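Going by full-length UniProt numbering, the sequence shown opens with residue 1, and the numbers climb by one from there. The beta-carbon is built from N, C-alpha and C at its ideal position, and this holds for glycine as well. Just so you know, these numbers come straight off a predicted model, no measurement behind them. See structure below.
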Amino acid sequence: SDHMENICGYLMKYTNLVTGWQYRYFVLNNDAGLLEYFVNEQSRHLKPRGTLQLAGAVISPSDEDSHTFTVNAASGEQYKLRATDAKERQHWVSRLQICTQHHTEAIGKNNPPLKSRSFSLASQGSANSPGVQRRPSQNAVSFFNVGHHRLPTGKRLPIMQPDHLVDVREMMSQAEGQQRDLIRSIECLPASGHLTSLDQDLLMLKATSMATMNCLNDCFHILQLQHASQQKGSLPAGTTISWLEPKISLANHFKNGAAQNFPAEINKPASVREEQSIAEPCQLTREPEEINPDEELEDICDDKEDDLGAVEEQRSVILHLLSQLKLGMDLTRVVLPTFILEKRSLLEMYADFMSHPDLFIAITNGGSAEERMIRFVEYYLTSFHEGRKGAIAKKPYNPIIGETFHCSWRMPKSHVATDAGTNCSAHCPSEQVTLPKDAEGQAEPDYYTVKFVAEQVSHHPPVSGFYAECVERNMCVNAHVWTKSKFLGMSIGVTMVGEGVLHLLEHGEEYTFSLPCAYARSILTVPWVELGGKVNINCAKTGYSASINFHTKPFYGGKLHRVTGEVKQNMTNTVVCRVQGEWNSVLEFTYSNGETKYVDLTKLFVTRKRVRPLEKQGPFESRRLWQHVTESLRDGDIDKATEHKRALEERQRNEERLRAETETPWCTKYFLKDGDGWVYHKPLWKTVSAAQTQQTDSN
1 SDHMENICGY LMKYTNLVTG WQYRYFVLNN DAGLLEYFVN EQSRHLKPRG
51 TLQLAGAVIS PSDEDSHTFT VNAASGEQYK LRATDAKERQ HWVSRLQICT
101 QHHTEAIGKN NPPLKSRSFS LASQGSANSP GVQRRPSQNA VSFFNVGHHR
151 LPTGKRLPIM QPDHLVDVRE MMSQAEGQQR DLIRSIECLP ASGHLTSLDQ
201 DLLMLKATSM ATMNCLNDCF HILQLQHASQ QKGSLPAGTT ISWLEPKISL
251 ANHFKNGAAQ NFPAEINKPA SVREEQSIAE PCQLTREPEE INPDEELEDI
301 CDDKEDDLGA VEEQRSVILH LLSQLKLGMD LTRVVLPTFI LEKRSLLEMY
351 ADFMSHPDLF IAITNGGSAE ERMIRFVEYY LTSFHEGRKG AIAKKPYNPI
401 IGETFHCSWR MPKSHVATDA GTNCSAHCPS EQVTLPKDAE GQAEPDYYTV
451 KFVAEQVSHH PPVSGFYAEC VERNMCVNAH VWTKSKFLGM SIGVTMVGEG
501 VLHLLEHGEE YTFSLPCAYA RSILTVPWVE LGGKVNINCA KTGYSASINF
551 HTKPFYGGKL HRVTGEVKQN MTNTVVCRVQ GEWNSVLEFT YSNGETKYVD
601 LTKLFVTRKR VRPLEKQGPF ESRRLWQHVT ESLRDGDIDK ATEHKRALEE
651 RQRNEERLRA ETETPWCTKY FLKDGDGWVY HKPLWKTVSA AQTQQTDSN
């Protein structure tokens, strides 16, 4: 057809930093499924300078401009190309995608399905051994013994009973064990030679086998729901449908794909059984719990995320994951590999944005509305540096619904800027704040306490609520954030949908603010984080506002992590302060009177948060909930971490399924729905208002 035409023409190809962009003549060979390029059109009859197999490739228009796009082959090789205009780019991208889809589907059609288990790679010795030598006519799938089982035709299967579903689950468990063995066998291949673990056919085999298992699990879930609806009317209230729980967990590993005759629970570590056996959250107490700050101890955890080893070792996993994603795809329901995880929950990451409580408390000490807005902007811009753990882009744990995190900070009053003073944090060397040993015994402590609580209030969509307050200074902040992740080709974008409000009760002021977007760049090489987008901060009462721009790095030149902004009085449209610099390095504030102030974020005080010991935490508090995943990641045991993570996710799915079947709504613990947002159940502004009303009544 016209859509499968062989097209050719000149495109610019990016080579490296030294050579830059070069014009090359490209030819799309639809019959062979190849993208070839030559130095120029005259050399087309010669051997191509480069060739990419398009089967299993990902064609991605770039988000940098309207002319650039990338071709990411299943082998890991990438072409970064640029057309003369947006129309030509669309022409190339659409033809390449059609060709890619055609040849990817042909792999499945032209190769017989895998048979029952008994496959083996021809030889797992060195790449030079005879068994590994690859003949031209032999593709990767032919290394496996091939065959399949057929279901009897012409017969209608009887409706399956619950016991039969258990048998199906066990068969699926065996199939996943076989699939895991297949992946391990492929990954054990040598890194170089004729047949490697990055062979395009093997990568496609890994991807399609995983997709098949995912589809089977979805189908099985539909069968469970169907039977649950049939049984719902005939079972007495409160009856537990035991067969909804699998007898054998899909997370189990089976030796040689054979089913074990003993219960799967015996094979699981005690910690995994504990994770799966925690009762339905709504059956636990959902009453808000008052956390005593005196029970909290200074945090000693210091998990920096600078290790890239696991990412490099798991490159093939990333490749086949990318082959299943489409440009713009919502990643909310995509399960990402465990090795890219940070050793903390997203709820704790929000708490780490409060690591400079001295700057937070100092906001309300500003002597004028103008100064308070500038101080809030200063605090806001300094919060992101400590919120990120290291330079490597890793992902915090996705909180499960009902998960909570509590902590607090103690800040000596002498460290907080007053009206006339200047916050010494901007000039003092980095150090940890040490409180006097007898501070806790004083009737009137010489420190302020900032308390923090966060809760995952929704699973789909994933929404978190968090709240912090300093009672002594009559100030608090309430926020809710919906994290929307999208696949952008060679990067992942996270939009932080939601709003926060800072309340300065002493002044009767409210400051509304939003959060910037975050991007994980270069996810196939050295992933790194940058922030982007425009953020507005407004105070309706005073008429002051701030506009902050987080700039993403342009393709040519430019600095990383650049931020600019200005504070102005809306009534007069007068700019009273400008800010520029890098959000993770040095910020420069220029005031209307001509003065300039520099804030070196790398030398700011970092006040350690205070957290209750694990033994005093509830079962749904972040650190206790994820403790086994965190310990396994610290030990470098990715398989064990994945097993614990899967147990938590499976439990959450089962609980969500049970709530849907029993039509039981989820009940939050600390936050209440308020329009489109979420508000802490006992915010400081309500407490202060109630106290003032009571005092007025008594007078």
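In the DSSP assignment, the residues bridged to residue 59 are 71. If you check the CB distance, residue 355 and residue 386 come in under 7 Å. Scanning the region 588-636 from its first residue to its last, the whole alpha helix (DSSP H) runs of 4-plus residues come out as 622-625, 627-634. The beta-carbon separation of residue 478 and residue 494, rounded to 21 Å, does not stay under the 8 Å limit for a contact. Taken in chain order, the complete alpha helix (DSSP H) segments of 4 residues or longer contained in the region 637-674 are 638-662. According to the DSSP assignment, residue 354 belongs to no beta strand (DSSP E), since it is labelled neither H nor E. In the displayed model, residue 548 falls within a strand according to three-state DSSP.
Apart from sequence neighbours up to five positions away, the residues of its chain that approach residue 543 with a beta-carbon distance below 7 Å are 569, 570, 571, ordered along the chain. The continuous beta strand (DSSP E) containing residue 412 extends over residues 404-412.
Burial of residue 361 is indicated by the presence of at least 16 other C-beta atoms within 10 angstroms of its C-beta. The shortest CA-to-CA distance from residue 184 to any of 165, 209, 166, 41 is the one to 209. Taken atom to atom, the span from the alpha-carbon of residue 487 to that of residue 59 is near 12 Å. Residue 602 counts as exposed, since fewer than 16 other C-beta atoms from the protein chains shown sit within 10 angstroms of its C-beta.
Under DSSP, residue 580 forms a beta bridge with 564, 588. Here the C-alpha atom of residue 220 lies approximately 21 Å from the C-alpha atom of residue 663. For the 7 Å CB-CB criterion, residue 32 and residue 56 do not form a contact. When the five nearest sequence neighbours on each side are left out, the beta carbons in the same chain lying within less than 8 Å of the beta carbon of residue 6 are those of 27, 28, 29, 30, 31, in order along the chain. In this structure, 214 is the residue among 186, 357, 413, 214 with its C-alpha nearest to the C-alpha of residue 172. Comparing alpha-carbon positions, the option among 467, 400, 475, 452 lying closest to residue 458 turns out to be 400. Inter-segment contact for the region 570-587 and the region 362-381 is present: three or more beta-carbon pairs are separated by less than 8 Å. Excluding five sequence positions before and after residue 530, the CB atoms of its chain that fall closer than 7 Å to its own CB belong to 519, 521, 552, 553, 560, 561, given in chain order. For the 7 Å CB-CB criterion, residue 599 and residue 587 form a contact. With contacts defined by Cβ atoms closer than 7 Å, residue 496 and residue 447 do not form a contacting pair. When DSSP reads this structure, residue 345 sits in a beta bridge with 397. For residue 300, the secondary structure class from DSSP, reduced to helix, strand or coil, is coil. Contact fails between the region 65-72 and the region 193-213, because fewer than three Cβ pairs, one in each stretch, are under 8 Å apart. Of the other Cβ atoms in all chains shown, fewer than 16 fall within 10 Å of the Cβ of residue 636; this residue is therefore exposed. Rounded to whole angstroms, the separation of the alpha carbons of residue 188 and residue 216 is 26 Å. The bridge partners DSSP lists for residue 453 are 406, 467. In the three-state reduction of the DSSP assignment, residue 553 falls in the coil class, being assigned neither a helical nor a strand state. Around the beta carbon of residue 417, 16 or more other beta carbons sit within 10 angstroms, so the residue counts as buried. In terms of Cα proximity to residue 644, the closest of 653, 654, 656, 631 is 631.
DSSP places residue 28 inside the beta strand (DSSP E), whose first and last residues are 21-29.
With at least 16 other beta carbons inside 10 angstroms of its own, residue 176 counts as buried.
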